[in-house]
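See structure below.
Number of protein chains: 2
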Amino acid sequence: MTPIPSFRLACVQFRPDVGQNDGNRARTVALIEEAVRRGASLVVLPELSSSGYQFESRDEALAAGEPLSGGPTVAAWTEVAHEHGIHVVGGVAERDGDRLYNSSVVIGPSGLIGSYRKTHLWNAENTIFTPGDLGFPVFDTALGRLSVLICYDGWFPETYRACALGGADLICVPTNWVPMSGLPAGAPAMATILTQAAAHSNGVYIAAADRIGVERGQAFIGQSVIVADSGQVLAGPASSDAEEIIFATIDVEAARARRTWNQFNNPITDRRPEIYDSLTQRS
Amino acid sequence: MTPIPSFRLACVQFRPDVGQNDGNRARTVALIEEAVRRGASLVVLPELSSSGYQFESRDEALAAGEPLSGGPTVAAWTEVAHEHGIHVVGGVAERDGDRLYNSSVVIGPSGLIGSYRKTHLWNAENTIFTPGDLGFPVFDTALGRLSVLICYDGWFPETYRACALGGADLICVPTNWVPMSGLPAGAPAMATILTQAAAHSNGVYIAAADRIGVERGQAFIGQSVIVADSGQVLAGPASSDAEEIIFATIDVEAARARRTWNQFNNPITDRRPEIYDSLTQRS
Chain A
39 MTPIPSFRLA
49 CVQFRPDVGQ
59 NDGNRARTVA
69 LIEEAVRRGA
79 SLVVLPELSS
89 SGYQFESRDE
99 ALAAGEPLSG
109 GPTVAAWTEV
119 AHEHGIHVVG
129 GVAERDGDRL
139 YNSSVVIGPS
149 GLIGSYRKTH
159 LWNAENTIFT
169 PGDLGFPVFD
179 TALGRLSVLI
189 CYDGWFPETY
199 RACALGGADL
209 ICVPTNWVPM
219 SGLPAGAPAM
229 ATILTQAAAH
239 SNGVYIAAAD
249 RIGVERGQAF
259 IGQSVIVADS
269 GQVLAGPASS
279 DAEEIIFATI
289 DVEAARARRT
299 WNQFNNPITD
309 RRPEIYDSLT
319 QRS
Chain B
39 MTPIPSFRLA
49 CVQFRPDVGQ
59 NDGNRARTVA
69 LIEEAVRRGA
79 SLVVLPELSS
89 SGYQFESRDE
99 ALAAGEPLSG
109 GPTVAAWTEV
119 AHEHGIHVVG
129 GVAERDGDRL
139 YNSSVVIGPS
149 GLIGSYRKTH
159 LWNAENTIFT
169 PGDLGFPVFD
179 TALGRLSVLI
189 CYDGWFPETY
199 RACALGGADL
209 ICVPTNWVPM
219 SGLPAGAPAM
229 ATILTQAAAH
239 SNGVYIAAAD
249 RIGVERGQAF
259 IGQSVIVADS
269 GQVLAGPASS
279 DAEEIIFATI
289 DVEAARARRT
299 WNQFNNPITD
309 RRPEIYDSLT
319 QRS
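These protein sequence lines are chains A and B, in that order. Just so you know, we're using the numbering used here here: the first sequence kicks off at 39 and counts up by one. Just so you know, we're using the numbering used here here: the second sequence kicks off at 39 and counts up by one.
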């Protein structure tokens, strides 16, 4: 598809409540509508916006899981996307039989375009979710070629690179970032730094929507951020604890042109895959 | 080898002059000796410390090239390393027959341990140097397992990852960083951000020694930096235009232990190489 010339993207930062799917769904719809009133054509929501994060057991998580097709969260987001002619990317606890995936959906005005299942699971997620099995899809939409990564996926530069090699212009990151140790107080969050590095070295936009709040003792850091293909921060980092919507203008055609850095260099075509063999060796 | 418990590392930031190999060599030896007086056991020097950077022609560069074994720069650095029982990593324009490589050597008290040839060439380097053909070696030294990358190599997260997968504890980066466009004045250099991101996502120390000065119209940005495996900046960024030596204490055994982040997570073993296939596909 030929993408539209440029559009306004919103990252919604809010606090889902664990197990309160109905309330979370209503809150996300209200926030999407607020973002639309403020000009957004694409709204990115946090990881597990449907369900909250800090489950006490796999059974509790299963009860909060939903199918994507026909599930209430996808239905609600599809309705609002259709009504306003917008796109929505957001996190859903996906139930598929007895399996749970930490998923995110891509929804357009005509409904569900596709989904991504988180491939790198953080901490106790390993006791609840099945690792993603959909690879790193790229969705060719009216806004450009979109990919999705979730939270800890971003700690693996391979993930951003795989999306870029697949042709992604913009990578949406629904996330539930937690504090990292080993960094001095007041320093930029490692999440910000990893996001800037990935945007720059792949020549792609990245839009990360984080949650806020402390849930059953687990803190989240907020600081949602939208980064240009240069690595420049376009919006955010948002606050660490307030509900907030951040906005930036995305122009994917311009980013594609900017990927030619000079007569000789382009961050994708300068790769030397013939000497990267160790990266795909199974241990 | 079992590495020594901890040691002091120095990154030397200075201005080589193009084609003035004798003067550059004398200056590097003096600066290595100053770093040793201030406690360094490992001294990292910039890219092309032997020769300067901004050649007007391939012939000029060939004339400034040296063999590594038996060449005057390696001989001089070996002498000072032997005298003080230290290690030196630094950039040499390596002449091998009619070929030139943008190389860096790793030298210990007993002489040349090995070398690395820059694999990703920046801009007009493509008209002068042959791309490196030694892969991403890891040198098992008394200080820990060292790898070397050079400048634009760092724009490819594959390079840091390949070193880490090979077991590197510390990656030394002789560099000649140039200004990048698209970032606001006063923002951290993208070089700093890429270095922090690579250190954090691989759990390795990174020590980058940059040059300063404007050479035939080409500016360099200084800002040498030493980063811990957490991504925290330990020393620097140095100034953008002054000769300077920055120091930090390196403890590779501690970094190895810190790579276990929690009961489930480790940034290397959490990788999923079975889904990274696109990274090694030849175009």
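Just so you know, even glycine gets a beta-carbon here, dropped at the ideal spot from N, CA and C.
Scanning its chain for C-beta atoms nearer than 6 Å, with the 5 sequence neighbours on each side dropped, one finds no residue around A:E71. Here DSSP, grouped into helix, strand and coil, assigns B:H238 to helix. Looking at the DSSP output, B:P212 sits in a beta bridge with B:A247. Counting C-beta pairs with one atom in each stretch, the stretch 197 to 213 of chain B and the stretch 231 to 246 of chain B have three or more that are closer than 8 Å, which means they touch. When the alpha-carbon of A:L203 is set against those of A:A246, A:T307, A:L150 and A:I244, the nearest one is in A:T307.
Annotation: Cβ neighbours of B:F302 in chain A (cutoff 9 Å, chain order): L159, W160, N161, A162, E163, N164 and T165.
A:Q261 and B:I284 have their C-alpha atoms roughly 31 Å apart. About 6 Å separates the beta carbon of B:S88 from that of B:E104, a gap short enough to meet the 8 Å contact definition. Secondary structure note for B:R137: it is in no alpha helix (DSSP H), and the uninterrupted beta strand (DSSP E) holding it is R137 to G146. Looking from the CA of B:Q92, the closest CA among B:K156, B:I313, B:Q256 and B:D248 belongs to B:Q256. Interface residue (Cβ-Cβ distance to chain A less than 8 Å): B:E196 is classified as such. The contact set of A:I313 on chain B, defined by CB atoms closer than 7 Å, consists of T157 and G173 in chain order. Put simply, the stretch 166 to 175 of chain A touches the stretch 139 to 154 of chain A. At least three CB pairs are less than 8 Å apart.
In the three-state scheme derived from DSSP, where H, G and I count as helix and E and B as strand, B:T111 is classed as helix. Put simply, the backbone Cα of B:G149 is about 30 Å away from that of B:G251.
If you draw a straight line from the Cα of A:F177 to the Cα of A:V143, it comes to about 11 Å. Neighbours of B:P305 in chain A, taken as residues at a C-beta separation under 9 Å, are given in chain order as W193 and F194. Measuring C-alpha to C-alpha distances from A:G192 to each of A:L221, A:G61, A:F167 and A:I231 identifies A:I231 as the nearest.
For the C-beta of B:H120, not a single chain A residue is nearer than 8 Å; the gap to the nearest is close to 33 Å. The DSSP assignment places complete alpha helix (DSSP H) segments of no fewer than 4 residues inside the stretch 40 to 87 of chain B at 59 to 75, in order along the chain. If you check each beta-carbon in the stretch 261 to 278 of chain B against every beta-carbon of chain A, the ones closer than 9 Å belong to A266, D267, S268, G269, Q270 and V271.
Counting only runs of at least 4 residues, the stretch 274 to 318 of chain B fully encloses the following alpha helix (DSSP H) elements, listed from N- to C-terminal order: 290 to 296.
At a cut-off of 8 Å between beta carbons, A:G152 makes no contact with chain B. Counting only Cβ-Cβ distances below 9 Å, B:L184 has no contacts in chain A at all, with the closest Cβ about 17 Å away. In the pairwise beta carbon analysis, the stretch 177 to 186 of chain B is classified as not touching the stretch 178 to 191 of chain A: fewer than three pairs are separated by under 8 Å. Contact annotation for B:S239 against chain A: W193, F194, P195 and L232 [CB-CB distance below 8 Å, chain order]. At least 8 Å separates the beta-carbon of A:S95 from that of A:F45. Beta-bridge partners of B:T179 (DSSP): B:G182. Contact check between the stretch 270 to 281 of chain B and the stretch 220 to 231 of chain A: three or more CB pairs, one atom from each, fall below 8 Å, which counts as touching. Counting along the chain, no alpha helix (DSSP H) covers B:R133; the unbroken beta strand (DSSP E) around it starts and ends at H125 to D134. By alpha-carbon distance to A:F52, the top candidate from A:P41, A:A73 and A:P43 is A:A73. Linking B:G57 to B:T111 through their CA atoms gives a straight-line distance of about 13 Å. Chain order gives the chain B residues near A:T318 as P311, Y314, D315, L317 and T318, where near means a beta carbon separation below 7 Å.
Assigned with DSSP and collapsed to three states, A:A206 falls in coil, not helix or strand.
Comparing alpha-carbon positions, the option among A:M228, A:G224 and A:A119 lying closest to A:Y190 turns out to be A:M228. The alpha-carbon of B:T66 is positioned some 22 Å away from that of B:I288.
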